[in-house]
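Encoded as structure tokens, the structure appears first; notes follow it.
Residue numbers (the numbering used here): -2 to 174.
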């Protein structure tokens, strides 16, 4: 008796975790759902798209989106694909999510924090991602559920270069009013 076939969506998760494009295509062609969740592993609403955004290869995300993968979904903890790309400081993935997938750069995410992408990037000290988000129109004055802005976190975490950049942008914005 042959072993039971593995669920194609589980195969897709594994291929995405391995960052193996050929395996991803195979799993997608055999019915793997880019928006599916792995209830067996209790992944809390994480889809293959969320997993792809934690990796380094943008081509994996492109494949999933081509097969209908959604980039605006939330996990049970209100994490989005963009939040994972920012957490990993993956500038290319953030660019793809913005340029190719048109994600909302002022969305709020992360249960218990309700922060914007700019606030998350500032908390982590990711200067280049903050620059991109600001260039695309991120709200510099947005506050998280604790009432803090990106600049507040840059100051609190002693990210001096980031704080200087945020203050410079704030001054330019004031001059445009």
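Glycine included, every Cβ here is placed at the ideal spot set by N, Cα and C.
Predicted model, so just to flag it, every value in this text is computed and none were measured.
Rounded separation between residue i and residue j - CA only
| i | j | result |
| --- | --- | --- |
| residue 109 | residue 58 | 27 Å |
| residue 19 | residue 165 | 45 Å |
| residue 162 | residue 92 | 20 Å |
| residue 60 | residue 21 | 8 Å |
| residue 87 | residue 172 | 32 Å |
| residue 54 | residue 68 | 15 Å |
| residue 49 | residue 63 | 13 Å |
DSSP three-state assignment for residue i, whether helix, strand or coil
| i | result |
| --- | --- |
| residue 41 | coil |
| residue 112 | strand |
| residue 10 | helix |
Nonlocal neighbours in the same chain, by C-beta distance under 7 Å from residue i, ignoring five residues either side
| i | result |
| --- | --- |
| residue 142 | 110, 111 |
| residue 29 | 5, 6, 8, 9 |
Under 9 Å between C-beta atoms of residue i and residue j
| i | j | result |
| --- | --- | --- |
| residue 74 | residue 107 | yes |
| residue 82 | residue 119 | no |
| residue 70 | residue 105 | no |
Neighbourhood of residue i by C-beta distance below 6 Å, restricted to the same chain and skipping five residues each side
| i | result |
| --- | --- |
| residue 42 | 34, 72, 73 |
| residue 136 | 103 |
Contacts around residue i, its chain only, beta-carbon distance under 8 Å, and the 5 residues preceding and following it disregarded
| i | result |
| --- | --- |
| residue -1 | Note that residue -1 has pLDDT 49, beneath the 50 cutoff, so the model's placement of it is unreliable and the number below is only indicative. Excluding sequence neighbours, residue -1 sits near nothing in its chain. |
| residue 152 | 160 |
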